[in-house]
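Quick mapping for you: the protein sequence lines, in order, are chains A and B. When you line the first sequence up against numbering that gives the first Met the number 0, it's residues 0 to 302, in that order. When you line the second sequence up against numbering that gives the first Met the number 0, it's residues 0 to 302, in that order. Where is the CB? At the ideal position from N, CA and C, for every residue including glycine. Predicted, not measured: the structure shown is a model, and the values here were computed from it.
There are 2 protein chains.
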Amino acid sequence: MFDVLIIGAGPAGMTAAIYAARGNLKVGIIEQGAPGGAMVNTSIIENYPGFKKIDGASLSMEMFEQINDLGVEYFGYSVIDIEKVNDIFAVAVEGSEEKLLAKALIVATGTKNKILDIPGEETYRGKGISWCAICDGSFYKNKNVAVVGGGNSALEEALYLADIASKVYIIHRRDEFRGAEILVSKLKTRTNVEFVLNAIPLEFCGTEHLEKIKLQNKLTAEVFYVAVEGCFEYVGQQPANQAITKLGIIDERGYVIVDKNFATSTKGLFACGDIVAKEIRQIATAVNDGAIAALNVIKYCKE
Amino acid sequence: MFDVLIIGAGPAGMTAAIYAARGNLKVGIIEQGAPGGAMVNTSIIENYPGFKKIDGASLSMEMFEQINDLGVEYFGYSVIDIEKVNDIFAVAVEGSEEKLLAKALIVATGTKNKILDIPGEETYRGKGISWCAICDGSFYKNKNVAVVGGGNSALEEALYLADIASKVYIIHRRDEFRGAEILVSKLKTRTNVEFVLNAIPLEFCGTEHLEKIKLQNKLTAEVFYVAVEGCFEYVGQQPANQAITKLGIIDERGYVIVDKNFATSTKGLFACGDIVAKEIRQIATAVNDGAIAALNVIKYCKE
């Protein structure tokens with residue numbers, strides 16, 4: 000029996016683990032992917048204070064070693080079901096007959112990538128279409144690729160790909176970017192980056208592998224093609240709430256509603272990081288949520 | 000003229016600087032002490048995610064280099080006065096005839112150390128009494144010292160001093176600690192650490208230099224002395240609000256009232272970090288506040 004189980008080992012979940020373990024709680028953390036969550040798939044991080052420049056995998060590993068050193072138990076499982084019986088949370092996981100039990104639970108499942116939901120997307124998933132430049136970028140050395148999106152992720156990953164691919168098209172449905180201007184400026188200095196603005200992706204086309212993207216100019220209605228072998232989609236995030244939908248703690252957009260202590264309306268159930276209903280989702284904000292949630296879990300466990 | 004001036008270069012202020020500069024704002028930061036704020040005087044930091052163990056000075060320097068690289072202008076000045084005239088903030092600083100001007104202002108002045116306010120404290124300030132183990136600990140190699148307090152800072156600095164001094168008395172007015180249990184456990188394994196609990200400091204005594212502390216047991220009313228040459232006070236924090244009292248943004252305890260965007264009731268005036276009215280004050284929470292404040296300042300400047 001754990002004092003607290005944390006679902007999700009991104010920066011929020013791992014920070015919660017650090018604080019809970021330092022408060023002498025018995026802590027377990029459950030993560031279906033690699034430690035780091037969305038962070039592990041980020042090529043370069045330059046806006047987490049303390050690191051001028053670090054790749055997401057390295058920062059993930061630093062945090063993972065930190066929780067390991069503190070004796071946090073790590074479970075590389077998917078969560079199938081969560082039940083609360085007599086003030087105890089029972090978490091059913093894939094790969095273990097026995098349920099994991101805890102007095103308190105912290106949901107830190109984060110977000111997952113949105114898809115464009117257009118023809119050809121399923122066909123060429125893994126055959127040209129990717130959601131992770133750091134994972135798949137190296138396949139496109141000296142080839143043409145596209146990045147779809149206009150936020151920080153799209154711009155950061157486009158910069159990363161510009162060092163690998165022969166050409167990077169940035170396809171964006173508006174003519175302005177949500178991402179930081181410093182990134183736009185940097186991209187404009189790259190001779191192999193081309194902005195394709197006011198452009199709506201209509202279809203992914205190819206034979207065995209992706210060959211081109213069919214687009215429409217939003218202003219002129221003109222339909223045209225961009226020839227690329229790789230396409231990286233960064234069109235936003237959606238809450239990774241599959242395991243928690245039945246707990247009755249999510250809002251109409253699918254994010255978890257918490258109070259200022261990161262407690263949900265269910266006693267002993269907390270949430271932190273990108274899964275929480277809020278406006279700004281950064282590593283710098285995730286660590287805040289994790290620390291506050293854990294300090295309140297410590298109070299809850301000692302009540 | 001700056002887009003934004005930030006007062007205070009602790010983790011909150013420096014994070015705000017990182018985010019504002021990455022948003023292409025012209026950013027100035029004003030700090031009367033060393034970059035890092037309270038962080039720079041912390042011996043060892045083990046709860047900031049990404050660093051298993053780092054001294055406060057090094058983490059401060061990492062963040063300082065990060066803002067330098069982004070072109071943030073640094074002013075090593077004290078703030079004397081702040082005025083808002085026609086939507087422009089004018090900051091008068093010691094050491095410059097000219098006022099610094101900005102469209103937006105972020106207050107990140109943090110907290111400063113509380114004092115015990117007992118006889119002898121002023122007399123032996125710098126002659127045995129210190130508020131910074133990392134600064135002054137080395138003066139007490141193989142000598143007896145005391146730490147006063149029961150929070151994380153007191154416990155962390157006691158651990159640090161236990162490696163230097165021959166004996167460390169931890170003087171605390173209760174018999175329980177607010178600080179993390181992992182720290183209490185670690186201290187209990189140290190043979191040169193002695194807990195002096197339920198003890199109220201009454202007076203600092205000595206001749207030229209501190210020689211002993213007069214204490215009273217809260218339960219038995221017994222008065223007794225602890226012979227030490229050094230005493231490190233960690234009895235809490237108070238808001239460093241001297242420069243901002245007249246702005247009408249502080250609550251009855253002296254902290255700045257902000258909304259969820261870290262905006263105050265005055266247009267263009269934001270605050271972040273430990274100076275903000277809130278419950279938990281950590282480096283992990285300061286970076287959150289700084290990021291959110293800056294992203295909202297960027298919006299404000301572009302309105």
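Cα-Cα separation, residue i to residue j
{"i": "Leu196/A", "j": "Leu158/A", "result": "17 Å"}
{"i": "Cys271/A", "j": "Thr284/B", "result": "13 Å"}
{"i": "Lys298/B", "j": "Ala276/A", "result": "20 Å"}
{"i": "Asn46/B", "j": "Tyr18/A", "result": "7 Å"}
{"i": "Ile66/B", "j": "Ala16/B", "result": "6 Å"}
{"i": "Leu24/A", "j": "Gly289/A", "result": "15 Å"}
{"i": "Asp258/B", "j": "Asp68/A", "result": "37 Å"}
{"i": "Ser184/B", "j": "Gly253/B", "result": "34 Å"}
{"i": "Thr190/B", "j": "Glu61/A", "result": "32 Å"}
{"i": "Gly12/B", "j": "Glu221/A", "result": "48 Å"}
{"i": "Val234/A", "j": "Gly247/B", "result": "42 Å"}
{"i": "Asp54/A", "j": "Phe63/A", "result": "14 Å"}
{"i": "Asn216/B", "j": "Val39/A", "result": "53 Å"}
{"i": "Lys52/B", "j": "Asp116/A", "result": "45 Å"}
{"i": "Gly9/A", "j": "Tyr73/B", "result": "33 Å"}
{"i": "Cys306/B", "j": "Lys187/A", "result": "Because chain B is modelled from 0 through 302, residue 306/B falls outside the range shown and cannot be assessed."}
{"i": "Gly70/B", "j": "Ala293/B", "result": "16 Å"}
{"i": "Thr108/B", "j": "Glu202/A", "result": "53 Å"}
{"i": "Gly136/A", "j": "Pro34/A", "result": "20 Å"}
{"i": "Ala198/A", "j": "Leu154/A", "result": "16 Å"}
{"i": "Glu180/A", "j": "Leu160/A", "result": "18 Å"}
Listed by chain order, chain B residues near residue i by CB distance under 8 Å
{"i": "Met62/A", "result": "Pro48 and Gly49"}
{"i": "Thr14/A", "result": "Pro48 and Ala283"}
{"i": "Ala290/A", "result": "Asn46, Ile279, Gln281, Ala283 and Thr284"}
{"i": "Leu58/A", "result": "Gly49"}
Same chain only: Cβ atoms within 8 Å of residue i, ignoring 5 sequence neighbours per side
{"i": "Cys204/B", "result": "Gly119, Glu210, Lys211, Ile212, Lys213 and Tyr224"}
{"i": "Thr110/A", "result": "Ala37, Gln236, Gln237, Pro238, Ala239, Asp273, Ile274 and Arg280"}
{"i": "His310/A", "result": "The shown model of chain A, from 0 to 302, leaves out residue 310/A, and the question about it has no answer."}
{"i": "Phe88/B", "result": "Leu4, Ile81, Glu82, Leu100, Ala101, Lys102, Ala103, Leu104, Gly267 and Leu268"}
{"i": "Glu193/A", "result": "Lys166, Val167, Tyr168 and Ile169"}
Exposure label - residue i; buried when at least 16 CB within 10 Å
{"i": "Thr14/B", "result": "buried"}
{"i": "Gln281/B", "result": "buried"}
{"i": "Ile5/B", "result": "buried"}
{"i": "Ser59/A", "result": "buried"}
{"i": "Leu218/A", "result": "exposed"}
{"i": "Glu156/A", "result": "buried"}
{"i": "Asn85/A", "result": "exposed"}
{"i": "Ile43/A", "result": "exposed"}
{"i": "Arg173/B", "result": "exposed"}
{"i": "Thr41/A", "result": "buried"}
{"i": "Glu232/A", "result": "buried"}
{"i": "Ser129/A", "result": "buried"}
{"i": "Thr206/B", "result": "exposed"}
{"i": "Ser152/A", "result": "buried"}
Listed by chain order, chain B residues near residue i by CB distance under 7 Å
{"i": "Arg21/A", "result": "Asn46, Ala179 and Ile181"}
{"i": "Gln236/A", "result": "Ordered by position in chain B, no residue passes the 7 Å Cβ test against Gln236/A, which lies about 17 Å from the chain."}
{"i": "Pro10/A", "result": "Pro48"}
{"i": "Tyr18/A", "result": "Asn46"}
Within chain A, partners of residue i - CB distance below 9 Å
{"i": "Met38/B", "result": "Correct list: empty, because the minimum Cβ distance to chain A is about 10 Å."}
Spatial neighbours of residue i in its chain, beta-carbon cut-off 6 Å, leaving aside the 5 residues before and after
{"i": "Val227/B", "result": "Asn143, Val144 and Ala145"}
{"i": "Lys140/A", "result": "Ile163"}
{"i": "Phe1/B", "result": "Lys25, Gly27 and Ala101"}
{"i": "Ile260/B", "result": "According to the sequence shown, residue 260/B is Asn rather than Ile. Around Asn260/B: Asn295."}
{"i": "Ile249/B", "result": "Asn240 and Val255"}
{"i": "Thr244/B", "result": "none"}
{"i": "Ala56/B", "result": "Val39"}
Contacts of residue i in chain A (Cβ-Cβ under 8 Å)
{"i": "Ile87/B", "result": "What Ile87/B touches in chain A: nothing, since even the nearest Cβ is about 23 Å away."}
{"i": "Leu294/B", "result": "Ile279"}
{"i": "Asn141/B", "result": "In chain order: nothing, as chain A lies at least about 30 Å away."}
Contacts around residue i, its chain only, beta-carbon distance under 7 Å, and the 5 residues preceding and following it disregarded
{"i": "Ile79/B", "result": "Ala91, Val92 and Glu93"}
{"i": "Ser77/A", "result": "Gln31, Val92 and Glu93"}
{"i": "Gly149/A", "result": "His171, Arg173, Phe176, Arg177 and Gly178"}
{"i": "Ala262/B", "result": "Phe269 and Asn295"}
{"i": "Phe95/A", "result": "Per the sequence shown, the amino acid found at residue 95/A is Ser instead of Phe. Within the same chain, Ser95/A has close Cβ partners Tyr76."}
Neighbouring residues, chain A, relative to residue i (Cβ below 7 Å)
{"i": "Asp68/B", "result": "Lys51"}
{"i": "Gln31/B", "result": "The premise fails here: Gln31/B is roughly 21 Å from chain A at the closest Cβ pair, so nothing lies under 7 Å."}
{"i": "Asn191/B", "result": "Neighbours of Asn191/B on chain A: none; closest Cβ ~23 Å, over 7 Å."}
Chain-ordered chain B contacts of residue i [CB-CB under 9 Å]
{"i": "Leu115/A", "result": "Going along chain B, no residue has its Cβ under 9 Å from Leu115/A, so there is no contact; the nearest lies around 26 Å."}
What runs of the alpha helix (DSSP H), each 4 residues or longer, lie entirely inside the segment 118-201 of chain B? Complete alpha helix (DSSP H) runs here, min 4: 132-135, 151-161 and 180-187.
What are the uninterrupted segments assigned as beta strand (DSSP E) that are 3 or more residues long and contained completely in the segment 74-98 of chain B, given in chain order? Taking only runs of at least 3 residues, the beta strand (DSSP E) segments lying wholly in the segment 74-98 of chain B are 78-84 and 87-92.
Every unbroken beta strand (DSSP E) inside the segment 206-273 of chain A [3 residues or more]: Those beta strand (DSSP E) runs which fall completely within the segment 206-273 of chain A and span 3+ residues are 209-216, 222-226, 229-232, 236-238 and 268-270.
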